[in-house]
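First up is the structure itself, then whatever we jot down about it.
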Amino acid sequence: MSDILKEIEAQIAGLKTGITRQNVGVVREISDGVAKIEGLSDAMLNEMLDFGNGVMGLALNLEETEVGAIILGDYTGIKEGQEVRTTGKLLQVPVGKALLGRVVDALGRPLDGKGPIRAEGANPVEKIAPGIIRRKSVSQPVQTGIMAVDAMIPIGRGQRELIIGDRSTGKTTLCIDTIINNARLNKAAEDAGDKTYRPLYSIYVAIGQKQSNVARVINTLEEYGAMPYTIVVVASASDSATNQYLAPFAGAAMGEWFMENGMDALVIYDDLSKHAVAYRQVSLVLKRPSGREAYPGDVFYLHSRLLERAARLNEHYGNGSLTALPIIETQAGDVSAYIPTNVISITDGQIFLETDLFYQGVRPAINVGISVSRVGSAAQVKAMKQVAGRIKLDLAQFRELAAFAQFGSDLDERTKAQLERGKRIVEVFKQPQYQPLPVEIQVVVLWTVQNGFLDDVPVEKVKDFQTKLTEYLTGRKTELLAKILREKALSDPLVAEMKAAVTEFKQTYR
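Residue numbers (the numbering used here): 575 to 1084.
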């Protein structure tokens, strides 16, 4: 009898009642990818909600009697009265080097048919930006390979530089050139076994673009060997507004993994105008109060919390960086509209691309007068600082003088000389797409301009002179280029060597 009692006692002691507490609500209304849910009393902001059938949602509106959630995926199967459960988890996306070379959607799911991604972990899509204590001032350059940018509007690692302009002015091309140039630098450093070079990995986020345009960008990156160093996040025009709203945050989360692990990354948001429109659409369906141009009141916070995640961390936190290049599309060059002024005030400078310059054949069509980098020469190598110091001022003055010279023919000699020099600077800064220039060649070319070697070359021959000089340098003066790259500053012996090389080339130039 005692044995039976002991056995019963043991069973009672080991008995688990299995009571679990679940937070369950029901769908009251579903429309345009947004669900209104009643009965979810303990939902968190940005919490994942389970609608069953593998469909998930994201809680965005927490009201007194209901929760407003955006649906991640196909919402057509969701019915009124359907049960919804909280998960206690925040939305996360896969991160790590396994994503390099892949095309993914806003949730990190592969779109390229290359099989599953074996990620090194997951990062939350929404994350508080690094504080001031964790940051360090920007001092290392992002070499874009575009001479006009590297010389006059330098971008540093950890900076936020806005690229703004009307449609079809070369905004995406400028960013793709930057990706291609850095992929080449990464590959060259890998092949040379250079352990001191810090590779820059790129994340290209396409928001609300035509799928044909995205496919063209991916083909370009593959053609120029940049895809192994790039992640492409796509939320195309045919995707839901929810995916377009989440895509930049997913790209930032992927970039933050590199930054937090002591590496450098570059994230391009193409473009944030369409992102703001997608957010406006979601907000209006959620019945949030609308403000100027029907955007919700927190549209500034939407972009500020995204762009503040770009930073340069100090040595104590791994010395990593995340650089952001947001793109904004303007209407008829109006930079004073709502979203453009918001993003200009958030970023550390802007590159303004102008339609008129583009159609005049000045490409990249950068308006030097209102383009600025608030990091300035801190993000340039010393050699570039030495040769590019006055060039921005010269070019800005040339634009003013050129406008003035249209009305007056009797100009003094000094003004004429300035105009002639300006014309040659404009020619030098013209650059075909997908042909980024290494920084050492940029230094020699700019030094040539500054020291008057082009003053007697006809304006229409300047581009030909520059092309042949580049061929001459890469073919016969590789040691000089290597010295500039190694020393990163122009000493007197190096300047003398450069002068001898350019003089020798000029004597043979026809």
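Even for Gly, the Cβ is constructed at its ideal location relative to N, Cα and C. Please read all numbers here as calculations on a predicted model, not as lab measurements.
- Taking C-beta separations shorter than 7 Å and ignoring five residues to either side along the sequence, the partners of residue 616 in its chain run 597 and 660, following chain order.
- Assignment of residue 1072 by DSSP, reduced to helix, strand and coil, places it in the helix class.
- Of the candidates 662, 699 and 652, the residue whose Cα lies closest to the Cα of residue 669 is 699.
- Close CB contacts of residue 727 within its chain, under the 6 Å cut and outside five residues either way in sequence, are with 925, 945 and 947 (chain order).
- In this structure, DSSP gives residue 843 an extended state, which the three-state scheme calls strand.
- Here residue 608 is not near residue 824, since their CB atoms are 8 Å or more apart.
- Ranked by how close their Cα comes to the Cα of residue 856, the residues 1079, 822 and 817 have 817 in first place.
- Taking every protein chain shown into account, the CB of residue 738 has 16 or more other CB atoms within 10 angstroms, so this residue is buried.
- Across the structure, residue 1081 and residue 1000 are spaced so that their CA atoms are roughly 24 Å apart.
- Fewer than three Cβ pairs drawn from the segment 795-815 and the segment 863-870 lie within less than 8 Å of each other, which leaves the two stretches out of contact.
- Distance from the CA of residue 1003 to the CA of residue 796, rounded to the nearest whole angstrom, comes to 26 Å.
- DSSP links residue 780 through a beta bridge to 808 and 844.
- For residue 847 and residue 1043, the gap between their C-alpha atoms comes out near 41 Å.
- According to the DSSP assignment, residue 622 belongs to no alpha helix (DSSP H) but to the beta strand (DSSP E) extending over 621-624.
- Comparing alpha-carbon positions, the option among 1074, 686 and 627 lying closest to residue 801 turns out to be 686.
- Per DSSP, reduced to three states, the secondary structure at residue 827 is helical.
- Residue environment analysis places residue 742 among the exposed positions, since fewer than 16 neighbouring C-beta atoms fall within 10 angstroms of its C-beta.
- Within the model, the alpha-carbon separation for residue 613 versus residue 624 is close to 14 Å.
- Only exposed fits residue 582, as fewer than 16 other CB atoms lie within 10 angstroms of its CB.
- Put simply, the backbone Cα of residue 1041 is about 45 Å away from that of residue 681.
- The beta-carbon separation of residue 877 and residue 835, rounded to 26 Å, does not stay under the 8 Å limit for a contact.
- For residue 709, the three-state secondary structure derived from DSSP is strand.
- The residue among 1077, 759 and 576 with its C-alpha nearest the C-alpha of residue 803 is 759.
- Buried is the label assigned to residue 1079, since at least 16 other Cβ atoms lie within 10 Å of its Cβ.
- Counting C-beta atoms within 10 angstroms of its own C-beta, residue 849 has 16 or more neighbours from the protein chains shown and is therefore classed as buried.
- Taking a 10 Å sphere around the C-beta of residue 814, we find 16 or more other C-beta atoms and assign the residue as buried.
- For residue 787, the secondary structure class from DSSP, reduced to helix, strand or coil, is helix.
- Where residue 681 is concerned, there is no enclosing beta strand (DSSP E), because DSSP gives it neither an H nor an E.
- With contacts defined by Cβ atoms closer than 8 Å, residue 1072 and residue 1023 do not form a contacting pair.
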